[in-house]
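Positions 71 to 223 (the working numbering) are the ones given, in order, by the sequence shown. Quick reminder that beta carbons are idealized off the backbone N, C-alpha and C, glycines included.
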Amino acid sequence: RDRVAFVSMLLVSTLYLPITRAAVMVVRCHRDVQCIWDCAKVSDADRSYVVAFIISSVVLLLLSLLCPVFLAFVIRKKKKQFEAMYPANRDINWVTFTQEDRTSYKDIYAGFEYRWAYFQVWIMLFKTVMCIPTLGLEQDGRNQLVTIPVVGV
């Protein structure tokens, strides 16, 4: 379990956005990957692009979407355990609870107040929401600059 937690924390902290970005670029056949694969026409795409497309789609599903959901369930379980132990004065007791917690996933929620325990999950989902439209919908640099504020609103 400690290895799974370590890999999860590594993905959340450093590798989440670069991997999501690369997967979106392959799935969308972004112009930066067209020099590697001839993927402009899906019917004419070479087999290596098809394999990369399938792998990237699986990565988007598992890492970019299901990983934040899994971490949200882990946090929810911990919050329910906390609420059963400390029914009152949650903010002060949350610090004590996270300091005594020996779970491998505690780094995801330990540094935040009780009501902000899901902050890392929201950041991961926000990164995905920002990455998909800016890389997936628009491939022109100027249009991406217009897409970012529109998605942010």
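Local Cβ density within 10 Å of residue i, reported as buried at 16 or more and exposed below that
| i | result |
| --- | --- |
| residue 86 | buried |
| residue 187 | buried |
| residue 88 | exposed |
| residue 122 | buried |
| residue 164 | buried |
| residue 222 | Low confidence applies here, because residue 222 scores a pLDDT of 49, under 50, leaving its location unreliable; read the following figure in that light. The residue is exposed, with fewer than 16 neighbouring Cβ atoms inside 10 Å. |
| residue 128 | exposed |
| residue 194 | buried |
| residue 199 | exposed |
Any non-hydrogen atom of the ligand FMN closer than 7 Å to residue i Cβ
| i | result |
| --- | --- |
| residue 152 | This structure lacks the ligand FMN, and indeed carries no ligand of any kind. |
For residue i, the first and last residue of its enclosing alpha helix (DSSP H)
| i | result |
| --- | --- |
| residue 196 | 189-201 |
| residue 184 | Looking at the DSSP string, residue 184 is not in any alpha helix (DSSP H), and its letter there is neither H nor E. |
| residue 91 | 86-98 |
Beta-carbon proximity check, residue i vs residue j, cutoff 8 Å
| i | j | result |
| --- | --- | --- |
| residue 130 | residue 77 | no |
| residue 47 | residue 184 | Since the first and last residues shown for the chain are 71 and 223, residue 47 lies out of range. |
| residue 134 | residue 84 | no |
| residue 148 | residue 119 | no |
| residue 167 | residue 152 | yes |
| residue 201 | residue 94 | yes |
Completely contained alpha helix (DSSP H) runs for the segment 130-177, where each covers 4 or more residues:
Runs of the alpha helix (DSSP H) inside the segment 130-177: 137-155 and 160-170.
Does the count of Cβ pairs from the segment 174-183 and the segment 134-146 closer than 8 Å reach three?
Between the segment 174-183 and the segment 134-146 there are three or more inter-stretch CB-CB distances shorter than 8 Å, so the stretches are counted as touching.
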